[in-house]
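Notes follow the structure.
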């Protein structure tokens, strides 16, 4: 457990960057510090691994006071992801990943093994290990930045606006990846952001800060339902409050039953189904209904011309949502990624439904603006979480 | 006709006095190298120090700058009064002139390393010395080599003046040439090697500098990488 009591940082005589911050972070929790610039969120984060020395207050990790630990040892135990990524340009990706293990003097085989294990974890090929950071795209670099923070099996990972410098689509993918990693590895993540969408999407608990003080520290749902004061209400924005009024629907409510074909079926069979139901996309599953990919009308044309098999032309790279995810998150994703539809799967990737733009529009009108007196004619682009 | 005979004369002088010229050549080079070596033993640590403690950097660089502005002949005269005639005095003068480029380049190379990279190193749990050894020095190396290159080229010129205080350098031949009637060939026999040393050092160290530039090494990297990938 990470416990913060009365954490304070004073610059000069009286400029209080962080003022008496006290929160408790349970093991395996994903916590976001959010606030405008100058709210002290980054300072607070950096005091956790003593990159900045606190003026006052106590930080304890599993009962151990960080103040009494050697700062260098402390930082080796806490993963840190920077906004600027900060990969060392003169070292290969592998050397970058195992930097902390190297400082901890791990044997070579263990470092090699760890590097291979970690690069797989972020869906990058092993051949990247011998490349240099400048040969990777920004998103790929930040993936390395994230696994570098995990390399020495740290239990706590601090992230300072980790996705701030990425383009919206890359950011989205990386957010999903980090959330997945955090669930899989059960580590404690603390991150700083100024993007409310990001905080709602990733965090189990959000700590809203203003002028160095905590304004509200609660789960995203509770904050959206009961904002502590006007500052919080302004900060999260009226749009999100409205979106969240209809008792937190999950995607299950909005999905339809999709038309599917089996992976072993012929292309002609797929075409006949699509023709019969007049649809432009068909999902492909295996015998146990696990989602494998999809075909759209363009692929079919191509496939028929080449007389290819269904399995050869199907698209395997498919964005999907879990049945338990919240509808508002999916709305955002669909709008942001500009996809036509999103399959809904259970935990074991079993296909259970499909969300289309049409079904979303229905539900959005029905449940969000249906019982509102004045129908909001807001521009949809306003709702997709434009970055500040 | 005149030109041809000059060239002939030049080569004749070279062949008959080959070992003498070679000795002076080595002498000239060694004095430069020793001076720069001592200067780097002092200058590089000093550069590291002032990169770390910004407060003293201005003072140190100013002092090195002032040394640099003293004309060589005046500096040699002053040093001669204290140290007497000979090679050692020239080495000391080279040392003093080499300090500025070495200190300045070490300092600049270190402080220009991207702050976020240093920050990353620190946040990973590197000690201050590890940040210096594993991040700052490797990334600043090409700039530091650049300082050594400038220092060596300056040194060749300083040593050349050393003949006036009794050091045996290639200038000895030039002085003799100016005193002799029809000494053109002799002047050339002294001047050409001096120019050649300076040019070779400059070109050689420039190549080394480029090679050690971390950003260049990576640009070469991907090509080789993608070739093996495609195979």
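Residue numbers (full-length UniProt numbering), protein chains in the order written: chain Y, 1 to 388; chain Z, 1 to 231.
Heads up, the beta-carbon is just placed ideally off N, CA and C, and yes, glycines get one too.
In the DSSP assignment, residue 168 (chain Y) falls within the alpha helix (DSSP H) that extends over 168-185. For the stretch 79-103 of chain Y, the beta-carbon criterion of a distance under 7 Å to any beta-carbon of chain Z is satisfied by 80, 82, 84, 86, 88, 89, 90, 99, 100, 103. Taking 8 Å as the cut-off, the Cβ atoms of residue 3 (chain Y) and residue 24 (chain Y) count as close. Taking the beta carbon of residue 72 (chain Y) as reference, the chain Z residues within 7 Å of it are 125, 127, listed in sequence order. At a cut-off of 8 Å between beta carbons, residue 139 (chain Z) contacts chain Y. Residue 163 (chain Z) does not reach chain Y, its nearest Cβ partner there being about 44 Å away, counting only Cβ pairs nearer than 8 Å.
Residues of the stretch 46-68 of chain Y whose Cβ lies closer than 7 Å to any Cβ of chain Z, in chain order: 49, 51. Counting the other Cβ atoms within 10 Å of the Cβ of residue 125 (chain Z) gives 16 or more, which makes it buried.
Ranked by how close their Cα comes to the Cα of residue 54 (chain Z), the residues Z:210, Z:116, Z:107, Z:27 have Z:107 in first place. Only residues of its own chain outside the window of five on either side were considered, and among them 187 have a CB closer than 8 Å to the CB of residue 178 (chain Z), listed in chain order. Take residue 346 (chain Y), set aside five residues on each side of it, and the residues of its chain with a beta-carbon closer than 6 Å to its own are 323, 352, in chain order. When the beta-carbon positions are compared, residue 261 (chain Y) and residue 279 (chain Y) stay at least 8 Å from each other. Taking a contact to require three or more Cβ pairs closer than 8 Å, the stretch 170-190 of chain Y and the stretch 125-144 of chain Y qualify as touching. Counting only Cβ-Cβ distances below 9 Å, residue 116 (chain Z) has contacts in chain Y at 82, 83, 84, 85, 86, in chain order. For residue 126 (chain Y), the CB contacts under 7 Å within the same chain, skipping 5 residues up- and downstream, are 116, 119 in chain order.
Shortest Cα-Cα distance from residue 100 (chain Y) to any of Y:153, Y:113, Y:70 involves Y:153.
Annotated three-state conformation of residue 25 (chain Z) is helix, per DSSP. Residue 141 (chain Z) has its alpha-carbon roughly 11 Å from the corresponding atom of residue 134 (chain Z). By the beta-carbon neighbour count (other beta carbons within 10 angstroms, threshold 16), residue 97 (chain Z) is buried. With a 10 Å radius around the Cβ and a threshold of 16 neighbouring Cβ atoms, residue 89 (chain Y) comes out buried. If you draw a straight line from the Cα of residue 181 (chain Y) to the Cα of residue 108 (chain Y), it comes to about 25 Å. The C-alpha of residue 218 (chain Y) lies about 56 Å from the C-alpha of residue 306 (chain Y). Neighbours of residue 122 (chain Z) in chain Y, taken as residues at a C-beta separation under 8 Å, are given in chain order as 51, 75. If you draw a straight line from the Cα of residue 160 (chain Z) to the Cα of residue 74 (chain Y), it is about 57 Å long.
Residue-level contact check: residue 144 (chain Z) does not touch chain Y, since none of the beta carbons of chain Y fall below 8 Å from its beta carbon. Within the same chain, and ignoring the five residues on either side of residue 150 (chain Z) in sequence, the residues whose Cβ sits closer than 8 Å to its Cβ are 101, 105. Of the candidates Z:69, Z:5, Z:103, the residue whose Cα lies closest to the Cα of residue 38 (chain Z) is Z:103. About 5 Å separates the beta carbon of residue 167 (chain Z) from that of residue 87 (chain Z), a gap short enough to meet the 8 Å contact definition.
Distances from the alpha-carbon of residue 197 (chain Y) to those of Y:5, Y:84, Y:336 put Y:336 closest. Selection Y:49, Y:339, Y:318, Y:355 evaluated against residue 160 (chain Y) yields Y:49 as nearest (Cα-Cα). Put simply, the CB of residue 130 (chain Z) is near chain Y, with a gap under 8 Å to one of its CB atoms.
In this structure, the beta-carbon distance from residue 122 (chain Y) to residue 177 (chain Y) falls below 8 Å. Contact annotation: the stretch 29-46 of chain Y touches the stretch 180-195 of chain Y, with at least three C-beta pairs closer than 8 Å. Positions of the beta strand (DSSP E) runs, each at least 3 residues long and wholly inside the stretch 229-297 of chain Y, are given as 260-262, 281-285, 291-296 in order along the chain. Per DSSP, reduced to three states, the secondary structure at residue 3 (chain Y) is strand. Out of Y:354, Y:332, Y:13, the CA that lies nearest to the CA of residue 282 (chain Y) is found in Y:354.
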